[in-house]
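Trainee:
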Amino acid sequence: MDSKNLAKIILLEDEEEDEEVILWWSSQREDFDRLYQSRKEEGYFKILMKNHLDTNEQTFREFFRLNKEQFQFVLNIVSTDLKKKSTNTVHDPISPEEKLALALR
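In this text, residue positions in the sequence shown follow UniProt numbering: the first is 1, and each later residue adds one.
1) Apply the 10 Å Cβ neighbour rule to residue 73 and answer buried if 16 or more other Cβ atoms are within range, or exposed otherwise.
2) Helix, strand or coil for residue 66, going by three-state DSSP, please let me know.
3) In this structure, does DSSP put residue 3 in helix, strand or coil?
4) Would residue 82 and residue 99 be called neighbours here (beta carbons separated by less than 7 Å)?
5) Excluding the 5 residues preceding and the 5 following residue 97 in the sequence, name in chain order all residues of the same chain whose CB lies nearer than 7 Å to its CB.
6) Between the C-alpha atoms of residue 43 and residue 19, what's the straight-line distance to the nearest angstrom?
7) Closest by CA to residue 144, which one among 13, 104 and 46?
8) Where does residue 61 sit, in a helix, a strand or coil, going by DSSP?
9) Rounded to whole angstroms, what's the CA-CA distance from residue 93 to residue 84? Just pull it up for me.
This is the structure we're talking about:
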């Protein structure tokens with residue numbers, strides 16, 4: 001076998017391996033995305049904040065060590081720094097309110 005044919009075979013094998021890696025990576029990515037698709041309805045922030053803490057001022061204060069007005073004040077100060085734009089990879093980024101809640105906790 002001459003060197004040109006050997007080089008062609010090696011390049012074809014390398015290209016096939018690249019395609020396999022891309023297919024594997026994209027299949028792994030789909031599983032990751034499905035895990036977070038219901039974050040808005042079933043996530044920490046939705047269940048805890050919206051269903052429990054928003055209705056009880058005392059529990060909110062005990063949980064965050066701030067009352068709701070203080071929470072909103074801090075959020076207004078840092079929200080522009082915490083805000084992330086939607087991108088091709090992150091379609092629904094975590095809101096500044098959620099980030100602040102996690103940071104305070």
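No residue lacks a Cβ here, since even glycine has one placed at the ideal position from N, Cα and C. Small disclaimer: the values here were computed from a predicted structure and weren't measured.
Mentor: Put simply:
1) exposed
2) coil
3) In this structure, residue 3 counts as helix in the three-state DSSP scheme.
4) In contact: residue 82 and residue 99 (Cβ atoms closer than 7 Å).
5) So the list reads 75, once near-sequence residues are dropped.
6) 35 Å
7) The structure shown does not extend to residue 144, since the chain spans only 1 to 105, so no value can be given for it.
8) helix
9) 6 Å
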